[in-house]
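Just so we're aligned: 258 in the UniProt record's numbering is position 258 of the sequence shown, and the numbers increase by one with no gaps anywhere.
Cβ coordinates follow ideal geometry from the N, Cα and C atoms, glycine included.
Data first, discussion second: the structure below is written as structure tokens.
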Amino acid sequence: MLSCLSLPRIAMSAQPQQSAQAPAATLDPAALADLLDNAEARQALIDSLRAQTSGPAKPAAPDAPGASAASAPAAAPAAQPSEPGLQERMADGVQRFLTGVAADMGQGVEDMRALASGETLRMDGDTAGRALMPLALAGVTTLLAFMLLRLVAMRIYTRIDRWVAAQGCEPETPVQPGAPSSMRVLYRRAGAIVGALAIDVGVVMLAAMAGGTAGLWGTPARGALDPLAAVFLKAFLSVEIVKVLIRTVFAVRHPHLRLLPMSDELARYWNGWLVRIVAAAGYGTLLVDPVMSVALSPALGRLAGMVIMLAVYVYAVRVIWQNRVAVRERLERRATHAATFLGTRLRFLSRVWHVLGIGYFTVLLVVSQIDPTNALPFMARATAQTLLAIGVGSLLILLLNTVLAKPIQLSGDLRRRLPLLEARVNAYVPAGLKLVGWIIRIVVLLLILDAWRAFDLSRWLASEAGAAAIKVVLNVGIVLLIAALAWTVIASIIEHRLSQSEGRAMPSARERTLLALFRNAALIVIVAMTTMVVLSQIGIDVGPLIAGAGVVGLAIGFGAQKLVQDIITGVFIQLENGMNENDVVQVAGVFGTVEKMTIRSVGIRTLDGAYHLVPFSSVDVVTNHMRDFSYHLGEYTIAHRESVDDAIEHLRAAFAELMTDSVLAPEVLEEMTVAGVTAVNEKGVTVRVLIKTAPGMQWAVQRGYNRLVKKHFDAAGIELPYPHMVLYFGQDKEGYAPPANVAVQTDRPDQDGDARAAGHTRRGLRQEAGGEDTAEVLGNELEPRRE
Numbered sequence: 001m002l003s004c005l006s007l008p009r010i011a012m013s014a015q016p017q018q019s020a021q022a023p024a025a026t027l028d029p030a031a032l033a034d035l036l037d038n039a040e041a042r043q044a045l046i047d048s049l050r051a052q053t054s055g056p057a058k059p060a061a062p063d064a065p066g067a068s069a070a071s072a073p074a075a076a077p078a079a080q081p082s083e084p085g086l087q088e089r090m091a092d093g094v095q096r097f098l099t100g101v102a103a104d105m106g107q108g109v110e111d112m113r114a115l116a117s118g119e120t121l122r123m124d125g126d127t128a129g130r131a132l133m134p135l136a137l138a139g140v141t142t143l144l145a146f147m148l149l150r151l152v153a154m155r156i157y158t159r160i161d162r163w164v165a166a167q168g169c170e171p172e173t174p175v176q177p178g179a180p181s182s183m184r185v186l187y188r189r190a191g192a193i194v195g196a197l198a199i200d201v202g203v204v205m206l207a208a209m210a211g212g213t214a215g216l217w218g219t220p221a222r223g224a225l226d227p228l229a230a231v232f233l234k235a236f237l238s239v240e241i242v243k244v245l246i247r248t249v250f251a252v253r254h255p256h257l258r259l260l261p262m263s264d265e266l267a268r269y270w271n272g273w274l275v276r277i278v279a280a281a282g283y284g285t286l287l288v289d290p291v292m293s294v295a296l297s298p299a300l301g302r303l304a305g306m307v308i309m310l311a312v313y314v315y316a317v318r319v320i321w322q323n324r325v326a327v328r329e330r331l332e333r334r335a336t337h338a339a340t341f342l343g344t345r346l347r348f349l350s351r352v353w354h355v356l357g358i359g360y361f362t363v364l365l366v367v368s369q370i371d372p373t374n375a376l377p378f379m380a381r382a383t384a385q386t387l388l389a390i391g392v393g394s395l396l397i398l399l400l401n402t403v404l405a406k407p408i409q410l411s412g413d414l415r416r417r418l419p420l421l422e423a424r425v426n427a428y429v430p431a432g433l434k435l436v437g438w439i440i441r442i443v444v445l446l447l448i449l450d451a452w453r454a455f456d457l458s459r460w461l462a463s464e465a466g467a468a469a470i471k472v473v474l475n476v477g478i479v480l481l482i483a484a485l486a487w488t489v490i491a492s493i494i495e496h497r498l499s500q501s502e503g504r505a506m507p508s509a510r511e512r513t514l515l516a517l518f519r520n521a522a523l524i525v526i527v528a529m530t531t532m533v534v535l536s537q538i539g540i541d542v543g544p545l546i547a548g549a550g551v552v553g554l555a556i557g558f559g560a561q562k563l564v565q566d567i568i569t570g571v572f573i574q575l576e577n578g579m580n581e582n583d584v585v586q587v588a589g590v591f592g593t594v595e596k597m598t599i600r601s602v603g604i605r606t607l608d609g610a611y612h613l614v615p616f617s618s619v620d621v622v623t624n625h626m627r628d629f630s631y632h633l634g635e636y637t638i639a640h641r642e643s644v645d646d647a648i649e650h651l652r653a654a655f656a657e658l659m660t661d662s663v664l665a666p667e668v669l670e671e672m673t674v675a676g677v678t679a680v681n682e683k684g685v686t687v688r689v690l691i692k693t694a695p696g697m698q699w700a701v702q703r704g705y706n707r708l709v710k711k712h713f714d715a716a717g718i719e720l721p722y723p724h725m726v727l728y729f730g731q732d733k734e735g736y737a738p739p740a741n742v743a744v745q746t747d748r749p750d751q752d753g754d755a756r757a758a759g760h761t762r763r764g765l766r767q768e769a770g771g772e773d774t775a776e777v778l779g780n781e782l783e784p785r786r787e
């Protein structure tokens, strides 16, 4: 791209097309401004520039379509061509750049041959002297003023450096956070660095003002600054401001004002390298190119700028490549002593810093050839925006890690009602930090791309696509937040019910099963609804998806009717609290203890040790022997000759002895109920008793009471009936019975009028030794209950 100082020469090439304009030799800056303000003249100037680059344009044939379109202004306007894509624009830009470089090289060779032969290209000696005098005067004055002001400023820097050293803050010693005195030292050092920076910028501005004044005095018009002097002052301000920033970072002569902690030798090395790079690139593109374009030829000016930038590029890449290992090791050592947040970034920077540096100078080389005038300002703005975006983004991420990483504390009442809610909310913090961190990183990346003109962020935000994208992101974020809150509350309530808290026993198997079912169902509903809403927000039509899901669900329902029946029956059985784990039940003809319950089946362990898995669809009746209370239903049959009243008395005596047992007595809830005689038949007389027990203890009470009943009946001589039999000996044909060998007992032992029952062994009723509590009712079948 041509510099602004070559525009008068371009205007001269456009002179034949503008008869109303003044001669090209009399064009001054005011006339040039008038020329650019005229639309027709500006278009002619653009056409002339394109003609200089690609050669004269071929006139269109009279019968060509273009000619007919141009000669018919009243014709319908042609369709607007579509905007070329990124690849087309890049290819067109590279082609125009290479074409311009080839043209400049050819023209530069011709100009160098002309100079070698003694010809004058743009200015002769007298003309060049008069034209360059304001530039030389402004340059000399600026440099002298700058050196004098720098000498004064150096004394001020020395005093500031000593003052900072007196505060006890060494540049190599990191300030420990938390101590007020250390923070005061840090603030004072930061203020001193900012003050030194302001003084250095002021020195540059004052020197530029002195040079501008001298340039105005040396200009013949004395009212406007000479263009070449203005170019020098612009180059001086741009280069020296960048050098001020470099000196602020490294501060070679004043280590206490150094922004980054490093040794003096290392600071001198990098400061000198960067200063040389900036001076060569800045003055080469902003000063040498325009001056040579005015004094000699535009082609030579552009070639000189290209050679300078190539030399700068080669030098910079060489230094970066030579120091890649040393800088990596230094950054890694610094990362080992830094915090986790900073250490991670330093380790990443240590691996890619040389790639970033080479890429940076490659961009500088390309931009300096495409737009030499604005190359350095563009690089400065892009670099500043990049560093600012990275710094602000890193600061925000650091604040998130330090502030939100602290545990979130809920109110005491809410913690008492939902003790697991606080832990669940705190469990979401790392994921939330990662999500917000990635959003910040994406924004930082967009700002960096916008700084280097790879992406127009402001235009995208103002466009419909940008507004729609932001709306989608916000809507999706709100939906995800609501879903997370809903799941957090529901899961916290369910987990609170599933856990054992103070004053509350462990939940039963029924509660665990139902709550787990509700939790899974809530999770499925929340995930499904959230997915559908998110897909609809990002523009995906969820109608076919819902229809497909319905068809699949219908097919599964027809193919898994038994499974659906199992689940539905199981839900209602558990809602109605039909059974729990460890209950003794009888379902589907299986009698045993419930070991496991799911939403589809129940596992029962029978007395023989077998494990039965019964699906709920086969359960018609649930018989639960463990609900609220139980009864021992005892029916005791005595012989017809025995007294019912005596038998009842002995039954009560057996119950009284049962209540002395320390194991079984606590399991009996009420006094024994004697229902009376329930049957009189050929076997004997049946007496029924009822003993109310705790759930599941009826069998233990039954075994203990039966033992005591047998003991008391034996002691009382109460006969338990035997099966009765009628014997028939038969008869012969004459009707006589055959003789039977029957022995008749003539004498009976005296039993005090109470004959001994056949087959019974009479024993005396005695109380068990050891006091009233025998603990022998079940024969040590149960251990005593420990309160």
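Item                                                                                                                        : Value
Minimum Cβ-Cβ distance from Phe-232 to chain B less than 8 Å                                                                : Absent here is chain B; the protein component of the structure consists of one chain.
Backbone CA spacing between Leu-7 and Ala-138 [nearest angstrom]                                                            : Legend: pLDDT at Leu-7 = 39, less than 50; position of this residue unreliable, value from coordinates given subsequently. About 22 Å.
Spatial neighbours of Met-532 in its chain, beta-carbon cut-off 6 Å, leaving aside the 5 residues before and after          : Val-542
Cβ neighbour criterion (16 or more within 10 Å) applied to Ile-442                                                          : exposed
CB-CB length for Val-590 against Val-614, believed under 8 Å                                                                : 6 Å
Residue burial classification, Gly-391 (beta-carbon count within 10 angstroms, cutoff 16)                                   : exposed
8 Å Cβ cutoff met for Val-701 and Leu-664                                                                                   : yes
Residues bridged to Phe-250 [DSSP beta-bridge criterion]                                                                    : DSSP output for Phe-250 lists no bridge partner at all.
CB contact flag (Arg-605, Thr-623, <8 Å)                                                                                    : no
With 16 other Cβ atoms within 10 Å as the buried cut-off, status of Trp-321                                                 : exposed
Within 8 Å, strictly: CB atoms of Ala-280 and Val-249                                                                       : no
Cut-off 8 Å between Cβ atoms - residues of its own chain near Pro-377, not counting five sequence neighbours on either side : Ser-238
Met-292 versus Tyr-315: straight-line alpha-carbon distance, rounded                                                        : 23 Å
Sequence-distant residues of the same chain with beta carbon closer than 8 Å to Val-278, five excluded per side             : Val-239, Val-242, Lys-243, Ile-246
Extent of the continuous alpha helix (DSSP H) run through Ser-458                                                           : 457-462
Whole-number beta carbon distance between Ile-648 and Val-674, since they are thought to touch under 8 Å                    : 6 Å
Pairwise C-alpha distance: Phe-455 and Phe-232                                                                              : 32 Å
Unbroken beta strand (DSSP E) run spanning Arg-641, endpoints                                                               : Note, Arg-641: premise wrong, no beta strand (DSSP E); not H, not E.
Nearest-angstrom Cα separation, counted from Val-444 out to Leu-480                                                         : 23 Å
For Lys-243, the three-state DSSP class (helix, strand or coil)                                                             : helix
Completely contained alpha helix (DSSP H) runs for the region 358-421, where each covers 4 or more residues                 : 372-399, 412-417
Distance between Ile-524 and Ile-546 (C-alpha atoms, nearest Å)                                                             : 15 Å
Straight-line Cα distance separating Ile-482 from Leu-186                                                                   : 44 Å
Residue(s) in a DSSP beta bridge with Asn-681                                                                               : In the DSSP output, where bridge partners are listed per residue, Asn-681 has none listed.
Host alpha helix (DSSP H) of Lys-596 (start-end)                                                                            : Per DSSP, Lys-596 belongs to no alpha helix (DSSP H); it is in the beta strand (DSSP E), 590-597.
Residue interval of the alpha helix (DSSP H) (run including Gly-570)                                                        : 561-575
Residue interval of the alpha helix (DSSP H) (run including Gln-322)                                                        : 298-322
Residues near residue 843 by beta carbon distance below 6 Å, same chain, minus five either side                             : Because residue 843 is not part of the residues shown, which for the chain are 1 to 787, the question remains open.
C-alpha distance - His-256 paired with Ala-484, whole-angstrom precision                                                    : 51 Å
Buried or exposed by the 16-neighbour rule on C-beta atoms within 10 Å, applied to Ile-540                                  : exposed
Proximal residues to Leu-346 (C-beta, below 8 Å), its chain only, five neighbours per side dropped                          : Leu-331, Glu-332, Arg-334, Ala-335, Ala-338
Beta-carbon proximity of Arg-328 to Arg-351, cut-off 8 Å                                                                    : yes
DSSP beta-bridge partners of His-632                                                                                        : Ile-691
Same chain, Cβ closer than 6 Å to Ile-470, five either side skipped, listed in chain order                                  : none
Ile-540 (DSSP reduced to helix, strand or coil)                                                                             : coil
Proximity of Val-164 and Arg-184 at Cβ, strictly below 8 Å                                                                  : no
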